[in-house]
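Those sequence lines, one after another, are chains L and Z. Numbering (the numbering used here) for the first sequence: 3 to 266. Numbering (the numbering used here) for the second sequence: 27 to 285. Below is one structure, written out as structure tokens, with a few remarks after it.
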Amino acid sequence: MKSQTLHILSNEWKTLLRGKWVIGYGLIFLMLTDSLLRFGGGGAEALLSLSNVMLLFIPLVGMIYGILYIYQSREFVELLLTQPIDRKVLYWGLFLGISTPLMTAFIIGSMLPLGWHGILILDGGASAMVLGLGGILTLIFVSLGFVLGLKFYDDRIKGFGFTIVIWLFMAILYDGLVLMLIFTFGQYPLERFVIAVSMLNPIDLARIMVMLEFDISALMGYTGAVFSRFFGSNLGIFTAGGMLAIWLAVPTWLGLRVFKQKDF
Amino acid sequence: MIEIKELKKSFGDLPVLKGMNLTIPSGQATGIVGPNGAGKTTLIKTILGLVKPDSGSICVNETLLNGNWNYRKDIGYMPQVARYPENMRVNELFSFIKGLRNQEPVFEKELIEQFALESELNKPLRTLSGGNRQKVGATLSMMFNPDILFFDEPTAGLDPRSSHKFKERVKEEKANGKTVIITSHIMSELEQLVDHVIFILDGNIRYYGTMKALLEESREDRLEAAIARMMGDDSPAESAAADKPVQNYSNTATEILTF
Chain L
3 MKSQTLHILS NEWKTLLRGK WVIGYGLIFL MLTDSLLRFG GGGAEALLSL
53 SNVMLLFIPL VGMIYGILYI YQSREFVELL LTQPIDRKVL YWGLFLGIST
103 PLMTAFIIGS MLPLGWHGIL ILDGGASAMV LGLGGILTLI FVSLGFVLGL
153 KFYDDRIKGF GFTIVIWLFM AILYDGLVLM LIFTFGQYPL ERFVIAVSML
203 NPIDLARIMV MLEFDISALM GYTGAVFSRF FGSNLGIFTA GGMLAIWLAV
253 PTWLGLRVFK QKDF
Chain Z
27 MIEIKELKKS FGDLPVLKGM NLTIPSGQAT GIVGPNGAGK TTLIKTILGL
77 VKPDSGSICV NETLLNGNWN YRKDIGYMPQ VARYPENMRV NELFSFIKGL
127 RNQEPVFEKE LIEQFALESE LNKPLRTLSG GNRQKVGATL SMMFNPDILF
177 FDEPTAGLDP RSSHKFKERV KEEKANGKTV IITSHIMSEL EQLVDHVIFI
227 LDGNIRYYGT MKALLEESRE DRLEAAIARM MGDDSPAESA AADKPVQNYS
277 NTATEILTF
């Protein structure tokens with residue numbers, strides 16, 4: 003059973019690498035990180051800029067990629083489902099088979115310049131955090147893309163629509179909306195509420211973790227600032243990390259559930 | 027042997043299978059016919075485990091289907107639409123499926139030869155013509171020597187030569203005692219390949235029996251005429267309705283959004 007998952011996984015790796023654009027995706031991060039380090043001053047600033055780009059784009063790319071895979075490989079997945087193989091095995095094979103190459107492309111692409119500019123040694127912890135968060139976000143959003151693709155299996159327009167809306171909402175509008183709520187209800191004690199709200203958005207959680215690591219509350223956005231004041235750096239990172247793990251578990255589990263029950 | 031009891035399935039509000047009872051004994055060659063949207067593909071997909079029934083039971087070779095998968099090692103399926111990952115090569119696809127099924131192919135070389143696929147083996151699947159992709163699908167369905175074979179509109183994209191070869195192969199499989207189930211709109215093809223006919227209309231089995239009995243009963247000498255007559259027997263309103271529903275979504279957006 004495990005070997006079959008690996009079999010599917012390695013097959014996806016092979017076809018993806020041959021498709022070359024995953025390599026292109028890695029190269030983009032390589033060039034970006036390299037130029038940030040060359041022109042953007044010290045390691046911490048470069049890592050921050052990198053994480054800003056990452057927080058914006060990885061969710062979009064991951065989701066589009068996940069949903070596109072479902073739509074493009076529809077007939078192939080159906081053929082695989084008619085083989086003597088457990089749906090669960092197939093799901094994990096396919097999901098890991100397309101998310102891990104994307105994750106690896108980001109991590110290797112960004113890690114290489116960090117390595118040759120010496121940041122990996124200088125700012126090891128921070129680099130590891132940025133790279134790790136990028137990896138986790140990739141997994142989360144590819145699985146969200148999977149869920150959307152399976153849910154809107156026959157209605158691609160709707161599927162893509164939801165993808166874009168979810169991305170816009172989580173990556174761009176969220177912090178603004180929270181801020182607006184706070185302005186509106188400023189007279190009430192909102193700290194706990196704001197913390198709860200920030201936990202509902204994986205991108206926010208990742209942002210908070212980056213900011214806490216670099217200890218720059220000025221750039222944190224409102225939720226980050228509250229988070230930092232409420233938990234302090236270490237506990238804050240810990241809590242946010244735990245929530246992110248839940249965020250990883252829920253969509254993947256949801257995807258598995260939908261995949262197992264779906265009529266293809 | 028396939029045994030189906032009181033099988034029901036609806037998609038949303040639309041009932042597609044309305045309590046089907048059906049027994050297909052081992053070694054029988056059966057054609058499934060019926061208007062578009064009558065439930066042919068859904069029936070096959072339910073047996074294959076792609077679609078989960080709302081109620082009723084299916085037994086394949088004495089295994090009751092309840093989300094299990096091992097029974098599918100005895101089934102070969104050739105889908106109506108053959109689309110594979112673009113960058114995969116034909117022989118990679120074959121070895122991938124071999125690993126997935128964890129079975130050694132019995133007829134791989136023979137089928138490749140029969141369908142003249144040698145020259146295509148090292149080509150990426152996107153460069154293959156539609157007919158060749160169909161042949162790849164046919165090879166995949168038969169190469170593990172399964173007991174039960176499903177062909178969903180198998181010859182739709184094949185040129186006459188390939189179509190002929192495919193039919194010869196199916197006849198061989200039949201002669202070897204395989205259970206063969208074919209859906210098709212080409213009645214002359216079914217006349218050559220099968221001896222039992224299931225006629226599905228509007229989610230119910232309207233007729234199930236030997237081809238011969240059907241022809242005698244309807245006093246026609248061609249299957250096409252007999253089926254056409256049966257469709258005509260039912261009230262015109264009903265058959266018009268049966269022609270319309272489902273599957274209007276599948277093709278519209280497909281081409282627009284593929285990169």
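All C-beta atoms, glycine included, are put in the ideal place defined by N, C-alpha and C. Computed from a prediction, not measured in an experiment: that's the story for all the values here.
Euclidean distance between Cα positions of Ile-248/L and Ile-224/Z:
Approximately 51 Å, taken between the alpha carbons.
Exposed or buried, Gly-188/L, counting other C-beta atoms within 10 Å across all chains shown (16 or more means buried)?
With fewer than 16 Cβ atoms within 10 Å of its Cβ, Gly-188/L is classed as exposed.
Is there a C-beta anywhere in chain Z that falls below 8 Å from the one on Ser-145/L?
By the rule that beta-carbons nearer than 8 Å mark a contact, Ser-145/L does not touch chain Z.
Using a beta-carbon distance below 8 Å, is Glu-77/L in contact with chain Z?
Interface residue, yes.
State yes or no: is the C-beta of Met-169/Z within less than 8 Å of the C-beta of Glu-217/Z?
Cβ atoms of Met-169/Z and Glu-217/Z: not closer than 8 Å.
Neighbouring residues, chain Z, relative to Ile-168/L (Cβ below 7 Å)
Identification of chain Z residues near Ile-168/L by a Cβ-Cβ cut-off of 7 Å yields none; the smallest Cβ-Cβ distance measures about 18 Å.
Out of Ser-83/Z, Lys-31/Z and Leu-48/Z, which has the shortest C-alpha to C-alpha gap to Ile-226/Z?
The shortest Cα separation from Ile-226/Z among Ser-83/Z, Lys-31/Z and Leu-48/Z belongs to Leu-48/Z.
Which residues, in order along the stretch 79 to 111 of chain L, keep a beta-carbon less than 8 Å from a beta-carbon of chain Z?
Under the 8 Å Cβ criterion, the stretch 79 to 111 of chain L contributes Glu-80, Leu-81, Leu-82, Leu-83, Thr-84, Gln-85, Pro-86, Ile-87, Asp-88 and Arg-89.
By the criterion of Cβ-Cβ separation under 7 Å, what are the contact partners of Phe-122/Z in chain L?
The contacting residues are Asn-13.
Give the residues of chain Z in contact with Gly-21/L, contact being defined as C-beta atoms less than 7 Å apart.
Per Cβ cutoff of 7 Å: Asn-113.
For the alpha helix (DSSP H) that Lys-135/Z lies in, which residues bound it at each end?
For Lys-135/Z, the enclosing alpha helix (DSSP H) begins and ends at 134 to 140.
Residue interval of the alpha helix (DSSP H) (run including Ile-121/L):
Per DSSP, Ile-121/L is one residue of the alpha helix (DSSP H) stretching across 121 to 124.
Shorter than 8 Å from the beta carbon of Tyr-234/Z to some beta carbon of chain L?
Taking Cβ atoms only, chain L never reaches closer than 8 Å to Tyr-234/Z, which makes this a no.
Who pairs with Asn-158/Z in a beta bridge, going by DSSP?
Assignment of beta-bridge partners to Asn-158/Z by DSSP yields no partner.
So, with DSSP's three-state summary, where would you put Val-149/L?
Helix.
What's the C-alpha gap between Lys-90/L and Glu-88/Z?
So the two alpha carbons sit approximately 24 Å from each other.
Return yes when the Cβ of Ser-101/L is within less than 8 Å of the Cβ of Leu-141/L, no when it is not.
In this structure, Ser-101/L lies closer than 8 Å to Leu-141/L by Cβ.
Can you tell me whether DSSP reads Ala-263/Z as helix, strand or coil?
Low confidence applies here, because Ala-263/Z scores a pLDDT of 46, under 50, leaving its location unreliable and the question unanswered by this model.
Counting only C-beta atoms, is Asn-62/Z closer than 8 Å to chain L at any point?
For Asn-62/Z, not one C-beta of chain L is nearer than 8 Å to its own C-beta.
Got a sec, what are the start and stop residues for the beta strand (DSSP E) Asn-92/Z sits in?
First-last for Asn-92/Z: undefined, no H or E at that position.
Applying the criterion that 16 or more other CB atoms from any shown protein chain within 10 Å of the CB defines a buried residue, is Leu-40/Z buried or exposed?
With fewer than 16 Cβ atoms within 10 Å of its Cβ, Leu-40/Z is classed as exposed.
Apart from the five residues just before and just after Leu-258/L, which ones in its own chain have a Cβ nearer than 6 Å to its Cβ?
Its chain contains Tyr-93 as the residues whose beta carbon lies nearer than 6 Å to that of Leu-258/L, once the 5 sequence neighbours on both sides are disregarded; these appear in chain order.
Return helix, strand or coil for Tyr-110/Z, following the three-state DSSP convention.
Residue state, collapsed to three classes: coil.
Met-27/Z, DSSP secondary structure in three states
Three-state DSSP puts Met-27/Z in coil, outside helix and strand.
Quick check: Phe-216/L and Gly-111/L, are their CB atoms within less than 8 Å of each other?
In this structure, the beta-carbon distance from Phe-216/L to Gly-111/L does not fall below 8 Å.
To the nearest whole angstrom, what separates the beta carbons of Trp-15/L and Gly-68/L, a pair I think is in contact under 8 Å?
The beta-carbon distance between Trp-15/L and Gly-68/L, rounded to whole angstroms, is 16 Å. This is too long to meet the 8 Å contact definition.
Restricting to Cα atoms, I'd like to know which of Leu-83/L, Asp-36/L and Met-211/L is closest to Gly-120/L.
Comparing C-alpha distances from Gly-120/L to each of Leu-83/L, Asp-36/L and Met-211/L shows the shortest one belongs to Asp-36/L.
CA nearest to the CA of Thr-106/L, picked from Phe-41/L, Pro-253/L, Val-24/L and Val-252/L:
Of the listed residues, the one whose Cα sits closest to Thr-106/L is Val-24/L.
Can you confirm whether Asn-96/Z, when its beta carbon is compared against all beta carbons of chain L, has any partner nearer than 8 Å?
Using a Cβ-Cβ cut-off of 8 Å, Asn-96/Z counts as an interface residue toward chain L, since at least one Cβ of chain L sits closer than that to its own.
Under a CB-based cut-off of 8 Å, is Thr-241/L close to chain Z?
No, no contact with chain Z.
C-alpha gap between Met-182/L and Phe-122/Z, whole angstroms:
Take the alpha-carbon of Met-182/L and the one of Phe-122/Z: they are about 53 Å apart.
Mind the definition here: the stretch 130 to 141 of chain L touches the stretch 198 to 213 of chain L only if three or more C-beta pairs lie below 8 Å; say whether that holds.
Because the criterion of three Cβ pairs below 8 Å is met, the stretch 130 to 141 of chain L and the stretch 198 to 213 of chain L touch.
I'd like to know whether the C-beta of Thr-17/L is nearer than 8 Å to at least one C-beta of chain Z.
Yes, its Cβ sits closer than 8 Å to a Cβ of chain Z.
Going along chain L in order, which residues have a C-beta closer than 7 Å to the C-beta of Lys-99/Z?
Per Cβ cutoff of 7 Å: Pro-86.
Looking at the C-beta of Asp-217/L, does it have a partner C-beta in chain Z at a distance below 8 Å?
No, Asp-217/L does not count as interfacial toward chain Z.
Cβ pair Asp-178/Z, Thr-67/Z closer than 8 Å
Yes, Cβ-Cβ distance for Asp-178/Z and Thr-67/Z is below 8 Å.
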